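Numbering (the UniProt record's numbering), first residue to last: 1 to 181.
Okay, structure first, notes after.
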């Protein structure tokens, strides 16, 4: 009975993220993200616009904090901010949680300020979830393959670069991004 219950939980967790898949190729390895268009349609559409226009290629993971998250997509290797589209509405109230291996939108203190930067949770970070009186960070998918690449990012020593902290001393570059069929 326990095996059946566990199998159902695994199946349900997979169904919750059943959607389009995007593969990232980095200089540290590859990973695949499955998007949840049902629960985060505006966020997924925004993310895919950067994927499809090719502007994530050449961007870096510029902020990596071990046992927390890896953030990328917003800067080039010179730490120059990349062009953004208009900010999107925060969909953090969609019921998805900032669990380990989920991908969420980075933003400023303004809840509706997310543009192109995203982060991948290295562990469960429920303090980032939407709750009464707290806007939270919108989860819109999950790493379903290659999470060890994200974990590898967290082993690289970090440094401060100008006003930016937790910058990997070894540049982690997104080399290719592909929407999978």
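Built from N, CA and C at the ideal position, the CB exists for glycine as well.
Nothing here was measured: the structure is a model prediction, and the numbers come from that model.
*Determine, using beta carbons only, whether residue 167 and residue 159 come nearer to each other than 9 Å.*
If you number the chain shown from 1, residue 167 lands on position 167. If you number the chain shown from 1, residue 159 lands on position 159. For residue 167 and residue 159, yes; Cβs fall inside 9 Å.
*Can you give the Cα-Cα distance for residue 66 and residue 120, rounded to whole angstroms?*
In the chain shown, residue 66 corresponds to position 66, counting from 1. In the chain shown, residue 120 corresponds to position 120, counting from 1. Answer to the nearest angstrom: the Cα atoms are 11 Å apart.
_Helix, strand or coil, according to DSSP, for residue 148 in the structure here?_
One-based indexing of the chain shown puts residue 148 at position 148. Helix, per DSSP.
*Helix, strand or coil at residue 21 according to DSSP, with G and I counted as helix*: In the chain shown, the residue the question calls residue 21 occupies position 21. Collapsing the DSSP output to three states places residue 21 in a strand.
*Do you know how far the Cα of residue 49 is from the Cα of residue 86?*
The residue you call residue 86 lines up with position 86 of the chain shown. The residue you call residue 49 lines up with position 49 of the chain shown. For residue 86 and residue 49, the distance between alpha carbons rounds to 12 Å.
*Quick one: what does DSSP say residue 155 is sitting in, helix, strand or coil?*
On the chain shown, residue 155 is found 155 positions in, with the first residue counted as 1. Note: residue 155 maps to coil in three-state DSSP.
*asked:* I'd like to check one pair, residue 58 with residue 34: are the Cβ atoms closer than 9 Å?
replied: Numbered from its first residue, the chain shown carries residue 34 at position 34. Numbered from its first residue, the chain shown carries residue 58 at position 58. For residue 34 and residue 58, no; Cβs fall outside 9 Å.
_Can you tell me whether residue 163 is buried or exposed? The criterion is at least 16 other CB atoms within 10 Å of its CB, across all chains shown._
Position 163 of the chain shown, counting from 1, holds the residue named residue 163. Exposed, by the Cβ-count rule.
*Got a sec, what are the start and stop residues for the beta strand (DSSP E) residue 121 sits in?*
For the purposes of this step, residue 121 is taken as the residue at position 121 of the chain shown. Start and end: 118-121.
*Select from 74, 106 and 99 the residue whose C-alpha is nearest the C-alpha of residue 144.*
Mapped onto the chain shown, residue 144 falls at position 144. Comparing Cα positions, the closest option is 99.
*Best match in 81, 78, 54 and 69 for proximity to residue 149 [C-alpha to C-alpha]*: By 1-based counting over the chain shown, the position of residue 149 is 149. It is 69.
_Residues in the same chain with beta-carbon distance under 8 Å from residue 54, minus the five sequence neighbours each way, listed in chain order, please._
For this step, residue 54 is matched to residue 54 along the chain shown. Counting only Cβ-Cβ distances below 8 Å, and skipping sequence neighbours, we find 177.
*Once you ignore the five residues that flank residue 111 on each side, which residues in its own chain have a CB closer than 6 Å to its CB?*
Reading the chain shown from its first residue, position 111 is the one you call residue 111. 90 and 135, listed in sequence order.
*Taking only runs that begin and end inside the UniProt domain "PPIase cyclophilin-type" (25-179), name each unbroken alpha helix (DSSP H) of 4 or more residues, in chain order.*
41-52 and 147-153
*Please say whether residue 171 and residue 83 have beta carbons closer to each other than 9 Å?*
Counting from one through the chain shown, the residue named residue 83 turns up at place 83. Counting from one through the chain shown, the residue named residue 171 turns up at place 171. For residue 83 and residue 171, no; Cβs fall outside 9 Å.
*Neighbourhood of residue 185 by C-beta distance below 6 Å, restricted to the same chain and skipping five residues each side*: Outside the modelled stretch of the chain, which goes from 1 to 181, sits residue 185, for which no answer is possible.
_Top-ranked residue by Cα proximity to residue 108, from 117, 101 and 102_ = Against the chain shown, residue 108 aligns to sequence position 108. Closest option to residue 108, Cα to Cα, is 117.
*If you compare alpha carbons, which of 139, 122 and 123 is closest to residue 130?*
Within the chain shown, residue 130 is the residue found at index 130, counting from 1. It is 139.
*Expressed to the nearest angstrom, what Euclidean distance is found between the alpha-carbon atoms of residue 153 and residue 133?*
Within the chain shown, residue 153 is the residue found at index 153, counting from 1. Within the chain shown, residue 133 is the residue found at index 133, counting from 1. Computed Cα separation, rounded: 33 Å.
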